[in-house]
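Chains A and B, in that order, give the protein sequences. Residue 139 in this note's numbering is what sits at position 139 of the first sequence, and the numbering runs on without skipping anything. Residue 61 in this note's numbering is what sits at position 61 of the second sequence, and the numbering runs on without skipping anything. Virtual Cβ for every residue (Gly too), placed ideally from N, Cα, C. None of the values given here were measured: they were computed from a predicted structure. One structure below.
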Amino acid sequence: MDIPYTVEIRRDTGLTNGKIGIWLFLASEVMLFGALFASYILIRTGAPSWPRGDTMLNVPLATLNTIILISSSVTMVMAWASLMRGRFGSFRMYMGGTILLGFGFLIVKYFEYSAHFHEGALPHTNNFLAVYYTLTGLHGLHVFGGMMVNAYFWGPGAKLWKTNPTWFTNRVENSGLFWHFVDLVWIFLFPTLYLL
Amino acid sequence: MTSDHAATSVTADHAVDIDKHVRIYISVFVALMVLTIVTVAVSRFHLPIPIAVTVALTVAIIKGSLVACYFMHLISEKKLIYAVLAVTAFFFVALMVLPVVTVHDGFWIH
């Protein structure tokens, strides 16, 4: 049985099912990260002292990762715009760029984590590091998940473009919404963990 | 006008529309880069924590709004999505306020 309303708009919602589905999923993600941010506020305001992020973490590497993730959001939206223009080759280039930038983000994160591990700065060392590893670790998993979905649309999933280009464009738009959300979470994580 | 002409015109309008979007994406990208530099530069001044938090979160909210409005197209979305996000925003704010109220001896914990 075909999935309904993948291309045509539902009259009652004014949206495709995929679009409303991804937004409901993102709403649940807001609450997931919101719960962790709330825990962070509670732990920090309840602590007798709290270290400034820049005394314990590598700000230049985190700034580089911010630039990488923002750039990947631009390549992602350009990948979608390429499909809207009917330029599949251009889509492949931008989507490939998005995946590589995501990979670059995780490599930088790997170097950051390795340096901390070498110094013996582990999640159980103190509350600051526990919060840092929990929030950045969960965010890193989201980057990895988004990369997997994007890699599918860059590779085997791109076959759909030949048979149903509108559906394929909608799918890329939805994976883009997730990717931009991951960027958005980092925009808040960066100052709260590294700079304050 | 023939239907072929009409179709060509619609396609051309659509292409112009996408071109306009692409120009906006590039402007937003530049703005996000500038704001990232501002965030890092301000943190170098080692301002008192309340001021530093206010500045950092204000810049982060501006950056987040740019991503949500333009990259996620929230600036021209359907009402149902705004409704879903309004409910989410309500509970998100409640989550953020809850620890502050409890720590500062509010009405729930004495």
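Does the distance from the CB of residue i to the CB of residue j come in under 7 angstroms?
| i | j | result |
| --- | --- | --- |
| B/Ile-75 | B/Cys-69 | yes |
| A/Leu-195 | B/Ala-56 | yes |
| A/Asp-183 | A/Leu-69 | yes |
| A/Leu-106 | A/Ser-71 | no |
| A/Leu-42 | B/Pro-99 | yes |
| B/Leu-80 | A/Thr-163 | no |
| B/Leu-95 | A/Gly-34 | yes |
| A/Pro-123 | A/Ala-115 | no |
| B/Gly-64 | A/Ile-9 | no |
| B/Val-20 | A/Leu-15 | The amino acid occupying residue 20 of chain B in the given sequence is Lys; Val does not appear at that position. No, Cβ-Cβ distance for B/Lys-20 and A/Leu-15 is not below 7 angstroms. |
Name the residue from the options whose alpha carbon lies nearest to the alpha carbon of residue i.
| i | options | result |
| --- | --- | --- |
| A/Thr-98 | A/Met-78, A/Phe-111, A/Pro-191 | A/Met-78 |
| A/Leu-138 | A/Asn-150, A/His-116, A/Glu-29 | A/Glu-29 |
| A/Gly-86 | A/Pro-4, A/Pro-165, A/Pro-191, A/Ala-151 | A/Pro-165 |
| A/Pro-150 | A/Thr-125, A/Pro-60, A/Phe-91 | A small correction: the amino acid at residue 150 of chain A is Asn; Pro does not occupy that position in the sequence shown. The shortest C-alpha separation from A/Asn-150 is found at A/Phe-91. |
| A/Phe-117 | A/Ile-3, A/Met-56, A/Asn-17 | A/Met-56 |
| B/Phe-71 | B/Tyr-25, B/Ala-52, B/Val-53 | B/Tyr-25 |
| A/Gly-18 | A/Ala-27, A/Arg-11, A/Ile-3 | A/Ile-3 |
| B/Val-42 | B/Phe-29, B/Ala-31, B/Ile-18, B/Val-59 | B/Val-59 |
| A/Ala-158 | A/Leu-135, A/Gly-89, A/Lys-109 | A/Gly-89 |
| A/Leu-134 | A/Tyr-40, A/Glu-119, A/Gly-155 | Looking at the sequence provided, one finds Thr at residue 134 of chain A rather than Leu. Nearest option by C-alpha distance: A/Tyr-40. |
| A/Thr-136 | A/Leu-189, A/Ala-27, A/Leu-26 | A/Leu-189 |
| A/His-180 | B/Tyr-82, B/His-73, B/His-46 | B/His-73 |
| B/Tyr-82 | A/Thr-125, A/Val-185, A/Ala-27, A/Gly-155 | A/Ala-27 |
So, under 8 angstroms CB-CB, residue i and residue j are touching, yes? Tell me the CB distance rounded to an integer number of Å.
| i | j | result |
| --- | --- | --- |
| A/Trp-23 | B/Val-84 | 6 angstroms |
| A/Ile-178 | A/Gly-140 | Note on identity: in this sequence residue 178 of chain A is Phe, with Ile being the wrong assignment. No, A/Phe-178 and A/Gly-140 are not in contact; Cβ-Cβ is about 15 angstroms, not under 8 angstroms. |
| B/Phe-92 | A/Met-148 | Actually they do not touch by this definition, with Cβ atoms about 27 angstroms apart. |
| B/Thr-39 | A/Pro-48 | Their Cβ separation, rounded to whole angstroms, is 28 angstroms, which puts B/Thr-39 and A/Pro-48 out of contact at 8 angstroms. |
| A/Ser-73 | B/Val-22 | Between B/Val-22 and A/Ser-73 the Cβ distance is about 14 angstroms, and since that is not below 8 angstroms, they are no contact. |
In chain E, what lies closer than 9 angstroms to residue i by C-beta?
| i | result |
| --- | --- |
| A/Ser-175 | In the structure shown, chain E cannot be found, because the protein chains are A and B. |
In chain order, what residues of the same chain lie with their CB nearer than 8 angstroms to the CB of residue i, ignoring the 5 residues before and after it?
| i | result |
| --- | --- |
| B/Phe-90 | none |
| B/Val-33 | It should be noted that the sequence gives Met, not Val, for residue 33 of chain B. So the list is empty, once near-sequence residues are dropped. |
| B/Ala-6 | With a pLDDT of only 45 at B/Ala-6, under 50, the local geometry of the prediction cannot be trusted, and the value read off the model is given with reservation. Correct list: empty, nothing qualifies. |
| A/Gly-176 | Met-76, Val-77, Ala-79, Trp-80 |
| B/Val-97 | none |
Once you ignore the five residues that flank residue i on each side, which residues in its own chain have a CB closer than 7 angstroms to its CB?
| i | result |
| --- | --- |
| A/Val-143 | Gly-102, Phe-105, Leu-106, Val-182 |
| A/Trp-167 | Thr-6, Val-7, Leu-160 |
| A/Tyr-94 | Thr-75, Met-78, Ala-79, Ser-82 |
| A/Trp-50 | Arg-44, Phe-128 |
| A/Gly-53 | Leu-193, Tyr-194, Leu-195, Leu-196 |
| A/Phe-153 | Met-95, Arg-171, Val-172, Ser-175 |
| B/Thr-36 | none |
| A/Glu-112 | Asn-58, Leu-61 |
| B/Arg-44 | none |
| B/Thr-54 | none |
| A/Glu-119 | none |
| B/Ala-31 | Leu-66 |
Once the 5 residues before and after residue i are set aside, which same chain residues still bring their CB inside 6 angstroms of it?
| i | result |
| --- | --- |
| B/Ile-109 | Reliability fails at B/Ile-109, whose pLDDT of 48 lies under 50, so the model's placement of it is uncertain and the value that follows must be treated cautiously. Around B/Ile-109: Thr-102. |
| B/Phe-107 | For B/Phe-107, the predicted model reports a pLDDT of 49, less than 50, meaning its position is unreliable; a value from the coordinates is still stated below. There are no such residues. |
| B/Val-28 | Leu-66, Tyr-70 |
| A/Lys-109 | Gly-140 |
| A/Ile-20 | Thr-13 |
| B/Pro-48 | none |
| A/Tyr-132 | Leu-193 |
| A/Ala-121 | Leu-129 |
| B/Met-1 | Residue placement at B/Met-1 is poorly supported in this model, since its pLDDT is 41, which falls under 50; the coordinates are not used for a value here. |
| B/Ala-52 | none |
- Query: Using 8 angstroms as the threshold, is the segment 61-68 of chain A in touch with the segment 160-177 of chain A, meaning 3 or more CB pairs across them?
  - Reply: Result no; under three Cβ-Cβ pairs closer than 8 angstroms.
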